[in-house]
């Protein structure tokens, strides 16, 4: 995988710095059972409001059940299909909009599921795998195809696999793969003691 | 900090396994500038839909601006105040419900903000700090007190500080601090190829 560590003003944890959303996957190499379970265990141990664990994930493994993987792949947008076609795993992250214990609305369903998915992506990075989350899929088609119950929101598809050289991508995707990673300046999103006051001030 | 690594069926990344939401903080010890910026940088480099970075965080440091920290503390529920009183930092995680670039609704605002907060909590764990997210605060009072603009949702307060022995807590909180960490079985939330089919099946 192309090494593109985050550019930070102070050092941060290596795995957090090194995680990024690559698109070059090795089509031939499966993600093995231990790796697959490590991804799920990492997500499982995320924190959640009242310990509700509002996330549910579906995992599709093309090397284990290619027909089911194809059905998930068919729910992706065309642009994403260009590169996801080489990913060993697809996962769907869904968020319960109700609390498990009493059925009341859970305002943290998506928030907590985002934490679980981030744990999964960091675990992938720690194992030398690429994980790339996508909003570019058809949530209605996904719901129909996999009979996802109504209280659950389809939040993201996640492609996971072993990395391949950027050269395996077409020119447009290769350019994206090799481009520097960008973020807003820290002061745009982090405020000191009051809204809008930059932390450096 | 009490060592309570996640119980997993396969090994996972040490920092992900070791992060948990403790309540025993050392009231005397500040979080230094480098640590504070590392927390923010970790959050800053989380992934987001269309790279929108929908999160905004306010950081209150009691050792730097005690009066502002007190105002944030006053927005917490009473039960949380029992133990947050010893935390060096409070942070508020807010999620933009609109895309920055075009003002359209962003369905991933909370999801992406959850990822940023999880990065922050993992960075805390990696530095030997305790970080504990809370839904138990008054979002309306918080919005009024800090003039938080309407498109932003107040998602979580996060207490951060250096750990203290569990003995520094009252009996009820000490019991919680020393209790085993619990999660649903993996098969309850992770499905193989179709909704509801446990991954082990």
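Residue numbers (the numbering used here), protein chains in the order written: chain A, 2 to 202; chain B, 2 to 202. Yeah, the Cβ is synthetic: ideal placement off N, Cα and C, and Gly gets one too. Owing to the predicted nature of the structure, the values given are computational and were not obtained by experimental measurement.
Checklist entry - In its own chain, which residues sit with a C-beta less than 8 Å from the C-beta of residue 86 of chain A, not counting the 5 before and 5 after it? => result Locating residue 86 of chain A in the first chain gives position 85, counting from the first residue. Result list for residue 86 of chain A: 28 and 74, in chain order.
Checklist entry - Where residue 126 of chain A and residue 164 of chain A are concerned, what is the direct C-alpha to C-alpha distance, given to the nearest angstrom? => result Taking the first chain and counting its residues from 1, the one referred to as residue 126 of chain A is at position 125. Taking the first chain and counting its residues from 1, the one referred to as residue 164 of chain A is at position 163. Cα-Cα distance, rounded: 10 Å.
Checklist entry - Counting contacts by CB-CB distance shorter than 8 Å, is residue 98 of chain A in contact with chain B? => result For this step, residue 98 of chain A is matched to residue 97 along the first chain. Judged by the 8 Å Cβ criterion, residue 98 of chain A is not in contact with chain B.
Next on the checklist: Any beta carbon from chain B within less than 8 Å of residue 131 of chain A's own beta carbon?
Outcome noted: Counting from one through the first chain, the residue named residue 131 of chain A turns up at place 130. Cβ-Cβ to chain B under 8 Å: no for residue 131 of chain A.
Item to check | Backbone secondary structure at residue 61 of chain B - three-state DSSP | outcome: Position 60 of the second chain, counted from the start, is the residue given in the question as residue 61 of chain B. In the structure shown, the three-state DSSP call for residue 61 of chain B is strand.
Next on the checklist: For residue 188 of chain B, which residues in the same chain have their Cβ closer than 7 Å to its Cβ, ignoring the five residues on either side in sequence?
Outcome noted: Here residue 188 of chain B is taken as the residue at index 187 of the second chain, counted from 1. Closer than 7 Å at the Cβ level, and outside the excluded window around residue 188 of chain B, lie 199, 200 and 201.
Next on the checklist: Could you tell me the alpha carbon to alpha carbon distance between residue 123 of chain B and residue 105 of chain B, rounded to whole angstroms?
Outcome noted: As a position in the second chain, residue 123 of chain B is number 122, starting the count at 1. As a position in the second chain, residue 105 of chain B is number 104, starting the count at 1. Linking residue 123 of chain B to residue 105 of chain B through their CA atoms gives a straight-line distance of about 31 Å.
Checklist entry - Grouping DSSP H, G and I as helix and E and B as strand, with all else coil, what is residue 90 of chain B? => result What you label residue 90 of chain B is simply residue 89 of the second chain in a count that begins at 1. Note: residue 90 of chain B maps to strand in three-state DSSP.
Checklist entry - Closest to residue 21 of chain A by CA distance: which of A/192, A/197 and A/179 is it? => result What you label residue 21 of chain A is simply residue 20 of the first chain in a count that begins at 1. With distances taken between Cα atoms, residue 21 of chain A lies closest to A/179.
Checklist entry - Candidates B/52, B/66, B/72 and B/62: which alpha carbon is nearest residue 138 of chain B's? => result The residue labelled residue 138 of chain B in the question sits at position 137 within the second chain. Ranking the options by Cα distance to residue 138 of chain B, first place goes to B/72.
Item to check | Buried/exposed call for residue 133 of chain A, threshold 16 Cβ in 10 Å | outcome: Along the first chain, one-based indexing puts residue 133 of chain A at 132. Counting the other CB atoms within 10 Å of its CB gives residue 133 of chain A a total of 16 or more, which places it among the buried residues.
Next on the checklist: Buried or exposed, going by whether 16 or more other CB atoms sit within 10 Å of the CB of residue 80 of chain A?
Outcome noted: Numbered from its first residue, the first chain carries residue 80 of chain A at position 79. Exposed is the call here.
Item to check | residue 161 of chain B versus residue 186 of chain B - alpha carbon distance | outcome: Position 160 of the second chain, counted from the first residue, corresponds to residue 161 of chain B. Position 185 of the second chain, counted from the first residue, corresponds to residue 186 of chain B. C-alpha of residue 161 of chain B to C-alpha of residue 186 of chain B: approximately 29 Å in a straight line.
Next on the checklist: Tell me the residue span of the alpha helix (DSSP H) that contains residue 147 of chain A.
Outcome noted: In the first chain, the residue the question calls residue 147 of chain A occupies position 146. If you look at residue 147 of chain A, you'll find it in the alpha helix (DSSP H) that goes 140 to 147.
Item to check | Minimum Cβ-Cβ distance from residue 145 of chain B to chain A less than 8 Å | outcome: Within the second chain, numbered from 1, the residue matching residue 145 of chain B stands at position 144. False, the Cβ-Cβ gap to chain A never drops below 8 Å.
Item to check | Residue range of the beta strand (DSSP E) that includes residue 131 of chain B | outcome: Against the second chain, residue 131 of chain B aligns to sequence position 130. Judged by DSSP secondary structure, residue 131 of chain B falls within the beta strand (DSSP E) whose first and last residues are 131 to 135.
Checklist entry - If we count the other Cβ atoms within 10 Å of its Cβ and call it buried at 16 or more, is residue 183 of chain A buried or exposed? => result To locate residue 183 of chain A, count along the first chain from 1; it is residue 182. Under this definition residue 183 of chain A is an exposed residue.
Checklist entry - Counting along the chain, where does the beta strand (DSSP E) carrying residue 154 of chain A start and finish? => result For the purposes of this step, residue 154 of chain A is identified with residue 153 of the first chain, where counting begins at 1. That run of the beta strand (DSSP E) goes 153 to 162.
Item to check | Euclidean distance between Cα positions of residue 18 of chain B and residue 5 of chain B | outcome: To locate residue 18 of chain B, count along the second chain from 1; it is residue 17. To locate residue 5 of chain B, count along the second chain from 1; it is residue 4. Near 8 Å, if we compare the C-alpha coordinates of residue 5 of chain B and residue 18 of chain B.
Checklist entry - Among residues of its own chain, excluding the 5 on either side of residue 101 of chain B, which ones have a beta-carbon nearer than 7 Å to its beta-carbon? => result The residue labelled residue 101 of chain B in the question sits at position 100 within the second chain. Closer than 7 Å at Cβ, skipping near neighbours: 53.
Next on the checklist: So, at 7 Å on beta carbons, what are the nonlocal neighbours of residue 88 of chain B in its own chain, with the 5 sequence-adjacent residues on each side left out?
Outcome noted: Sequence index remark: in the second chain, residue 88 of chain B carries index 87 (1-based). Answer for residue 88 of chain B: 26, 160, 161 and 162, listed in chain order.
Checklist entry - residue 69 of chain A lies in the alpha helix (DSSP H); which residues open and close that run? => result Walking along the first chain from the start, residue 69 of chain A turns up at place 68. That run of the alpha helix (DSSP H) goes 67 to 74.
Next on the checklist: Going by DSSP, what residue range makes up the alpha helix (DSSP H) through residue 7 of chain B?
Outcome noted: Numbered from its first residue, the second chain carries residue 7 of chain B at position 6. Where residue 7 of chain B is concerned, there is no enclosing alpha helix (DSSP H), given that its DSSP letter is neither H nor E.
Checklist entry - Going by C-alpha distance, which of B/176, B/63, B/44 and B/156 is nearest residue 135 of chain B? => result In the second chain, counting from the first residue as 1, residue 135 of chain B sits at position 134. Among B/176, B/63, B/44 and B/156, the Cα nearest to that of residue 135 of chain B belongs to B/156.
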